[in-house]
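Remarks on the structure that follows.
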Amino acid sequence: MSGRVRALKVEVKTAFLGEEVKPGGGERYMFAYTVTMENTGTIPARLLGRRWVITDANGKRIEVVGEGVVGEHPYLRPGEAFQYTSSAAIETPVGSMHGSYQMVADDGVPFDAPIEPFSLAIPRNKLH
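Sequential numbering of the sequence shown, starting at 1, is according to full-length UniProt numbering.
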């Protein structure tokens with residue numbers, strides 16, 4: 001079965017949604033992120049789960065691990081793409097996210113698809 005390539009290309013775009021006051025005081029900054037994943041390999045694969053690491057400017061890390069994405073387990077044939085939007089909240093105006101998707105190819109071989117670090121940052125014109 002050589003020649004079978006298991007690969008997922010992941011692109012992320014972010015948008016600042018706004019600030020909100022947390023219960024008990026303090027602010028949190030809300031961001032949307034839209035992920036486009038494309039099967040760039042030669043074998044179909046299904047997304048089983050995800051792992052995100054969200055870090056704010058103070059170094060506070062939150063790890064999110066779960067099944068699927070937005071309630072789905074997309075199945076991607078070679079060349080197919082899937083897009084979804086979700087959100088994250090941090091306690092500082094700037095932060096970052098990175099992680100991985102846990103996939104399984106049609107030949108039964110599991111693999112991780114890395115999600116490179118990307119910034120969560122409010123636009124300069126929104127800074128107080």
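Positions of the beta carbon are idealized from the N, C-alpha and C atoms, including for glycine.
Take V64, set aside five residues on each side of it, and the residues of its chain with a beta-carbon closer than 6 Å to its own are W52, in chain order. Taking every protein chain shown into account, the CB of L48 has fewer than 16 other CB atoms within 10 angstroms, so this residue is exposed. Here V35 is buried. Its C-beta has 16 or more other C-beta atoms within 10 Å. Per DSSP, the continuous beta strand (DSSP E) segment holding H98 begins and ends at V94 to A105. Membership of G66 in the beta strand (DSSP E) is indicated by the continuous run R61 to E67. Annotation for A121: the continuous beta strand (DSSP E) segment containing it runs P110 to A121.
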